[in-house]
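Residue numbers (the UniProt record's numbering), protein chains in the order written: chain A, 1 to 169; chain B, 1 to 145.
Some notes on the structure that comes next.
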């Protein structure tokens with residue numbers, strides 16, 4: 001019956017949100033694309049906030065396939081990075097103030113990324129969630145799915161492999 | 001509904017996302033396309049190294065492959081990406097323009113097959129390669145058969 005007293009909820013939320021904010025806000029391309037991340041516990045959902053500059057085909061109009069690919073790749077990479085960092089965030093191993101100031105653990109690097117386009121993207125917001133199927137010392141494999149109005153009707157899915165950053169000894 | 005110009009540069013300029021990424025048509029025709037994407041701080045994916053994000057390279061590759069299909073001698077009326085796989089060989093050098101070169105090497109009635117390579121100023125060492133399959137849309141399939 002010596003379970004340690006759980007941390008106050010505000011403290012837990014603050015720590016997790018501060019870490020996520022540090023990861024996301026430091027990347028110019030995330031800001032340029034208008035991607036935001038929503039967190040429930042350790043689960044992330046990415047949102048591609050619609051903007052005219054994401055259009056590829058102005059006649060339909062439809063999202064650019066490249067914008068969809070970039071959204072999937074960003075979601076996969078941030079989710080992988082977040083997953084790898086999670087334990088350290090929870091244990092307090094990372095200095096959140098230093099992270100907010102830009103001192104971030106090194107990102108995984110994409111080795112390959114394969115996008116399967118299932119529908120043309122409508123001119124509205126899109127959502128994506130990634131799942132890390134394997135995360136080893138050197139390599140990780142991540143699957144990611146994106147949808148718009150109906151989660152049962154995917155816009156696109158992708159699988160990517162990543163090279164993990166090796167921290168200096 | 002607005003018309004999209006049929007010239008390569010006009011076509012590229014009509015695509016808002018390509019304009020937003022600053023893409024410049026170098027050459028296009030005969031099932032091949034070459035497009036430049038100058039370095040821009042908005043495209044940085046890793047703030048520590050200032051390397052352009054892979055997603056921007058994907059967008060460039062997708063555009064370049066699509067243009068190679070659209071400006072193939074068979075002249076499809078439109079095209080859409082079915083799948084695109086990118087292999088990243090190395091980080092693009094910060095500050096340098098990234099160039100993509102795509103070849104539509106096979107076109108069937110419904111599907112076009114494309115290969116592409118992306119380079120920075122060091123043309124000898126590719127930054128990334130891509131292979132893709134694209135749809136071939138024809139407005140009047142009966143008449144063109």
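Every residue, glycine too, gets a C-beta built ideally from N, C-alpha and C.
All values derive from a computational prediction rather than experimental measurement.
Relative to residue 106(B), the option among 62(B), 13(B), 50(B) and 115(B) whose CA is nearest is 115(B). Residue contact check for residue 70(A) against chain B: a CB pair falls below 8 angstroms. Interface criterion not met: the Cβ of residue 137(B) is under 8 angstroms from no Cβ in chain A. Here residue 131(B) has 85 and 115 as same chain residues with Cβ atoms under 6 angstroms from its own Cβ, once five neighbours each way along the sequence are excluded. Listed in chain order, the positions of the region 9–31 of chain B with a beta carbon within less than 9 angstroms of a beta carbon of chain A are 14, 15, 16, 17, 18, 19, 20 and 21.
Taking a contact as a CB-CB distance under 8 angstroms, the pair residue 64(A) and residue 17(B) counts as one, their CB atoms being some 4 angstroms apart. According to the DSSP assignment, residue 152(A) belongs to no alpha helix (DSSP H), since it is labelled neither H nor E. Interface flag for residue 39(B) against chain A is unset, since no Cβ pair is found closer than 8 angstroms. A direct Cα-Cα distance of roughly 58 angstroms separates residue 31(B) from residue 11(A). Non-local C-beta neighbours of residue 95(A) in its own chain, meaning closer than 8 angstroms and more than five positions away in sequence, comprise 103, ordered along the chain.
Pairing residue 16(A) with residue 39(A) gives a Cβ-Cβ distance under 8 angstroms. Three or more pairs of CB atoms, one per stretch, sit closer than 8 angstroms, so the region 117–135 of chain A contacts the region 43–53 of chain A. Under the three-pair Cβ rule at 8 angstroms, the region 17–29 of chain A counts as touching the region 79–90 of chain A. At the C-beta level, residue 33(B) and residue 43(B) stay beyond 8 angstroms of one another. The beta carbon of residue 47(B) falls within 8 angstroms of a beta carbon belonging to chain A, placing the residue at that interface.
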